[in-house]
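Some notes on the structure that comes next.
Chains as they are written, first to last, in the working numbering: chain A, -14 to 226; chain B, -14 to 226.
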């Protein structure tokens, strides 16, 4: 069966930085499913017309086309119920995954509405820098419209952004003192939803989102090593050419 | 078996407003467990000495003494496994509850570190007003020290507080468009953790935290009606004497 994942890339097609695409990459790996990457850039709207919308990730899974990282996670969980569960990774079975799904949906929504906006200003200019010229113009125009300020103004006040990010991450920091992963003993989709934000930053930037003594630091290191180091091996802008 | 719940009260012992105590009241009701209320006020530190600390809720459950609303929830889930599950209320069983627990712990930590601070300024002065004189002095002194400002200064800028609360509630609002409860089809401890904040406000204040067209409004109404209207019948400061 052919599986194709449309993923956002920078000027280099090896620079895959979208947090939402990283959620999906980790989810596929968790399920033990291979997928070929189809690089996609902000202006390639026509290339996604087949999906009925204009954002990535889009997964072609055999005869099915699914867009939106959350919908893809639900699709993978339903279509591959015998592979390790994304929502109940401890192995308690399908009913447990059904029960946990709404809670994971909340955490995913929290990532999208709170963690992503809190983290973004710290490496916004690094995202801009990794893009091709046409994407840079689109990125600047669309984000400046959303924020009502220039990218440079959004990125200013690093100390303030760090303080806000630390506040947003507080419940994660507290719980990772009690358990190794957000999902419990082993990682699940709740972890990948958060980890996507760390990969977003790591691929484009050398900024560190958490200090080494933060439990989130060790948690991130473990996820970088998961699935044979899938995430750790991902190409970064800072890698030697 | 005797079960006693130490709960924070205002000048009137019928005014039970603590969000954490409400989490526990709803959890007990969910498990179908009765408990006698022992009213407690901020200054009664000595009355809690038997628990080894100085905060409520404290539950005496037969020979066991448990403090901290999260620890009480875990205790109830473990000690009464055959009663409806708090963590997996859909009925998928004990393994499902084990799997969901870490996710509920995150949501509970998010409530404590984000939702509670965002909601509090909107009815801070109403809390102050419901207390006895000695508790008022303690409340003012301890909270002004925590905030570094007077209570009145914290409560000012209502429009700003409403905007921040709406932002904090965004992931809940989005998911309650998709499903009736945070825990899925029926409420669980994740719901009670959030609902405690709404009861905290409702008991002391006539302030509305969400507009009628917000999905959180209907969700709150359903929880007010749960368990025979346990929460709806709770005495409010605004009730006629």
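Idealized CB from N, CA, C, for every residue including glycine.
Residue i - containing alpha helix (DSSP H), residue span
i: residue 4 (chain B); result: 4 to 15
i: residue 200 (chain A); result: 200 to 214
i: residue 195 (chain B); result: It is not in any alpha helix (DSSP H) - residue 195 (chain B) carries neither H nor E in the DSSP assignment.
i: residue 227 (chain B); result: Residue 227 (chain B) is absent from the model: chain B starts at -14 and stops at 226.
i: residue 0 (chain B); result: Counting along the chain, residue 0 (chain B) falls outside any alpha helix (DSSP H), and DSSP gives it neither H nor E.
i: residue 126 (chain B); result: 118 to 132
Beta-carbon proximity list for residue i, same chain, < 7 Å, skipping 5 on both sides
i: residue 209 (chain B); result: 216, 217
i: residue 82 (chain B); result: 62, 70, 72, 73
i: residue 75 (chain A); result: 169, 170, 171
i: residue 32 (chain A); result: 25
i: residue 125 (chain B); result: 113, 136
i: residue 103 (chain B); result: 149, 150, 153
Own chain partners of residue i with C-beta closer than 6 Å, once the 5 adjacent residues on each side are dropped
i: residue 44 (chain B); result: -10, 51, 57
i: residue 13 (chain A); result: 20
i: residue 8 (chain A); result: 54, 177, 178, 181
i: residue 68 (chain B); result: 16, 17
i: residue 46 (chain B); result: -12
Residue i - containing beta strand (DSSP E), residue span
i: residue -8 (chain B); result: -12 to -7
i: residue 176 (chain B); result: Counting along the chain, residue 176 (chain B) falls outside any beta strand (DSSP E), though it belongs to the alpha helix (DSSP H) covering 174 to 189.
i: residue 139 (chain B); result: Looking at the DSSP string, residue 139 (chain B) is not in any beta strand (DSSP E); the run it does join, the alpha helix (DSSP H), is 136 to 140.
i: residue 23 (chain A); result: 21 to 25
i: residue 44 (chain A); result: 43 to 46
i: residue 83 (chain B); result: No beta strand (DSSP E) holds residue 83 (chain B); the alpha helix (DSSP H) holding it covers 79 to 95.
Through-space distance from residue j to residue i, alpha-carbon basis
i: residue -2 (chain A); j: residue 138 (chain A); result: 29 Å
i: residue 4 (chain B); j: residue 49 (chain A); result: 46 Å
i: residue 97 (chain A); j: residue 28 (chain B); result: 42 Å
i: residue 1 (chain B); j: residue 156 (chain A); result: 26 Å
i: residue 65 (chain A); j: residue 191 (chain B); result: 49 Å
i: residue 150 (chain A); j: residue 112 (chain A); result: 18 Å
i: residue 38 (chain A); j: residue 41 (chain B); result: 51 Å
i: residue 30 (chain A); j: residue -7 (chain A); result: 12 Å
i: residue 197 (chain B); j: residue 187 (chain B); result: 15 Å
Beta carbon proximity, residue i to chain A, threshold 8 Å
i: residue 227 (chain B); result: No answer is possible for residue 227 (chain B): it lies beyond the span of chain B, which begins at -14 and ends at 226.
i: residue 83 (chain B); result: yes
i: residue 171 (chain B); result: no
i: residue 41 (chain B); result: no
i: residue 91 (chain B); result: yes
i: residue 167 (chain B); result: yes
i: residue 211 (chain B); result: no
i: residue 95 (chain B); result: yes
i: residue 69 (chain B); result: no
i: residue 106 (chain B); result: no
i: residue 151 (chain B); result: no
Pick from the options that is closest to residue i, judged by C-alpha positions
i: residue 199 (chain A); options: A:161, A:226, A:213; result: A:161
i: residue 165 (chain B); options: B:193, B:205, B:143; result: B:205
i: residue 223 (chain B); options: B:115, B:105, B:93; result: B:115
i: residue 145 (chain A); options: A:122, A:105, A:59, A:120; result: A:105
i: residue 84 (chain A); options: A:10, A:59, A:95, A:207; result: A:59
Neighbour flag for residue i against chain B, beta carbons, 8 Å
i: residue 87 (chain A); result: yes
i: residue 133 (chain A); result: no
i: residue -2 (chain A); result: no
Same chain only: Cβ atoms within 8 Å of residue i, ignoring 5 sequence neighbours per side
i: residue 35 (chain B); result: 50
i: residue 184 (chain A); result: 2, 4, 7, 216, 219
i: residue 147 (chain B); result: 107
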